[in-house]
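Convert by adding 3 to the 1-based position in the sequence shown; the result is the number in this note's numbering.
Don't be surprised by glycine CBs; every beta carbon is placed ideally from N, CA and C.
On a predicted model such as this, the values are computed, not experimentally measured, just so you know.
A short write-up of the structure that comes next.
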Amino acid sequence: DLDWSEWRQLFPDRMVRRGLDYYEKGLVGQLEQDGDAVRALVRGTRDYQVELALEGTLIADWRCTCPYGGDGTPCKHLAAVFFALERGKAPERIRPLEALVAGLTARQAKTLLLRLARQTQATGQLREMIRQLPESGEKS
């Protein structure tokens, strides 16, 4: 494992330059911190989700949803997020998903489920999952 401040050692020079360009163009969205994970959306040809897993200051793992970095290869999107961290962009601490869901009203939860199912084209999966839920009178 390597300290995150030494991340450049793991990236080809070309990816470092391209990541700096993305960072300087403001293509790194809000950084979010969830425990030891830092996430960000990086805009490019498409929007790509970057996640860094840190153990203290050590890089434990990373991933990017772009085709180049999908297998863990250092990509420009990852480099752009490292530049954001390095230059002092503070991650926003996010509330755990369970806490966010617990705060939803029934109407908000229904709206969210339907939107997610339609966006991910998973309406059939949602129907099946609903069928598998215990009846409202049953204890879970």
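If you compare the alpha carbons of THR123, ASP4, GLU27 with that of LEU88, the shortest gap goes to GLU27. Bridge pairing for GLU95: GLU35 [DSSP]. In the three-state scheme derived from DSSP, where H, G and I count as helix and E and B as strand, LEU107 is classed as coil.
Classified as exposed, PRO70 has fewer than 16 neighbouring CB atoms from the shown chains inside 10 Å of its CB. Listed in chain order, the non-local C-beta contacts of TYR51 below 6 Å within the same chain comprise VAL45, CYS67, THR68, CYS69, HIS80, local neighbours out to five positions each way being set aside. When the five nearest sequence neighbours on each side are left out, the beta carbons in the same chain lying within less than 7 Å of the beta carbon of GLN12 are those of LEU5, in order along the chain.
VAL53 is the residue among ARG17, SER8, VAL53 whose C-alpha sits nearest the C-alpha of LEU30. Only residues of its own chain outside the window of five on either side were considered, and among them LEU13, PHE14, MET18 have a CB closer than 6 Å to the CB of PRO77, listed in chain order. Boundaries of the alpha helix (DSSP H) around ALA87: 79-89. Taken through DSSP and simplified to helix, strand or coil, TYR71 comes out as coil. Of the other Cβ atoms in all chains shown, fewer than 16 fall within 10 Å of the Cβ of ALA105; this residue is therefore exposed. Under DSSP, LEU61 shares a beta bridge with ASP6, GLU58.
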